[in-house]
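>
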Amino acid sequence: MKIINGRTMMVGGLILLLVAVAGFSMANDDVKTEKENLMKSFPNLKIDSFRESPLKGLYEITAGEQVFYFSPEGYLFFGEIWSKDGKNLTAEIREKVVAERINGLPLDKALKIGNGPKKVIEFTDPDCPYCRKVDDFLAKRADVTRYIYFVPLRRIHPDAEKKARYILSQPDRGKAFHEVFTGQLDGKPIAIADGVQQQQLEEMEKIAAGIGVRGTPALWIEGAHVNGADIQRISGLLDKGKEVSKPQSH
-17 MKIINGRTMM
-7 VGGLILLLVA
3 VAGFSMANDD
13 VKTEKENLMK
23 SFPNLKIDSF
33 RESPLKGLYE
43 ITAGEQVFYF
53 SPEGYLFFGE
63 IWSKDGKNLT
73 AEIREKVVAE
83 RINGLPLDKA
93 LKIGNGPKKV
103 IEFTDPDCPY
113 CRKVDDFLAK
123 RADVTRYIYF
133 VPLRRIHPDA
143 EKKARYILSQ
153 PDRGKAFHEV
163 FTGQLDGKPI
173 AIADGVQQQQ
183 LEEMEKIAAG
193 IGVRGTPALW
203 IEGAHVNGAD
213 IQRISGLLDK
223 GKEVSKPQSH
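What follows is the structure, encoded as C-alpha cells:
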C-alpha cells in the first residue's frame, strides 16, 4: 500500500511539474507572439528587452534608459506603474537597467584618480559649481578610486569643453584636473589646439548618453546613484550610512 501511495505521489508530482512547464512554455510563447506584434506595429522601434509587466495585460519594454509598455491591442503606453503600497515599479526597473549598464562601463575610457577601495563613478563638467563642490569633498578622501567622465554643458559653460580637453591632454592628468576644478585656470587662456583629445571626450559623452546622464554631477558610489551635489548622501554611502538630503545640480 505504501508503494502504491508512493507511486501515486510520484505520478501526481510529475503531472504537476509537467503542467508547470507547459504553463511556462505557453507564457513564453505569448511573450514571443506579442513581441512580434509589437515589431509589426512599430517596425522602426529599437528595444533592448520585452517581457510581461507587473500589470496583467501589458508588456514591459526597455529601450536605452526608457521603460514603457505595450498592450496586445497595439498601443504603446508611456508612464509610471505604481503598486498599491506606493512603490514606483517603473522607476525600479529603470534603475535596474541603468545599474546593469553602470556595471558594464568601460572604465579604461575614464580619467582615474586615486587608489582607494571604494569605487566612485562620476559624470562631471569642469565649470559646473556643484561638480566642483563634489570634487572638493572627494579630493579629501583617501579611501576612493574615482572614474571620471566629462560631460561639458556647452550652452551654460562655454569653456568647459576646452578645459576637459586640456585635462585629457596633459601628461599629469590628476594635476591638471586639480588645477581646473579648483579654479586656477578660470578666466585665463588655455593653450590647446582645436581637436586635441576631441575623440576621447566624445567617447565619454557617448557613454554618458548611453546611461541617460543629462545633467551634472551624476555619481554612482558602490553601485548606488547620487544625482547632484548631495554631499550628505555621498558621505553616507562611502561610510555605509543612509543619510538623504536634497540634491543640487547645474
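In this note's numbering, the protein residues as written are -17 to 232.
Glycine is no exception: its CB is placed at the ideal position from the N, C-alpha and C atoms.
In this text, all values refer to a predicted model and were calculated from it rather than measured experimentally.
Residue ranges of each beta strand (DSSP E) run of no fewer than 3 residues wholly in the stretch 147 to 200, ordered along the chain?
none
> Do P111 and V162 have their CB atoms nearer than 8 Å?
Taking the first residue of the sequence shown as 1, we reach residue 111 at position 129. Taking the first residue of the sequence shown as 1, we reach residue 162 at position 180. Cβ atoms of P111 and V162: not closer than 8 Å.
> Taking 8 Å as the threshold (C-beta atoms), are F105 and V133 in contact?
Here the question's residue 133 lines up with position 151 in the sequence shown. Here the question's residue 105 lines up with position 123 in the sequence shown. The answer is yes: Cβ separation under 8 Å.
> Taking the alpha-carbon of E77 as reference, which of D176, D212, L220, V208 has the nearest alpha-carbon?
Counting from 1 along the sequence shown, the entry for residue 77 is found at position 95. For the residues D176, D212, L220, V208, the minimum Cα distance to E77 belongs to V208.
> Tell me the DSSP secondary structure of R33 in three-state form.
Within the sequence shown, the letter at position 51 stands for residue 33. Reduced to three states, the DSSP call for R33 is strand.
> How about G56 and S23: are their beta carbons less than 8 Å apart?
Mapped onto the sequence shown, residue 56 falls at position 74. Mapped onto the sequence shown, residue 23 falls at position 41. In this structure, S23 lies closer than 8 Å to G56 by Cβ.
> Less than 8 Å separating the beta-carbons of G46 and G194?
As a working note, residue 46 is residue 64 in the sequence shown. As a working note, residue 194 is residue 212 in the sequence shown. A contact, by the Cβ cut-off of 8 Å.
> Got a sec: does the ligand FMN put a non-hydrogen atom nearer than 7 Å to the Cβ of K157?
Summarising the ligand content, the structure contains no ligands, and the ligand FMN is consequently not present.
> Provide the residue span of the alpha helix (DSSP H) that contains Y112, from first to last.
Mapped onto the sequence shown, residue 112 falls at position 130. In the DSSP assignment, Y112 falls within the alpha helix (DSSP H) that extends over 111 to 120.
> On a CA-only basis, which of L27, R128, P54 is nearest L37? Give me that one, please.
For the purposes of this step, residue 37 is taken as residue 55 along the sequence shown, with counting starting at 1. Comparing Cα positions, the closest option is P54.
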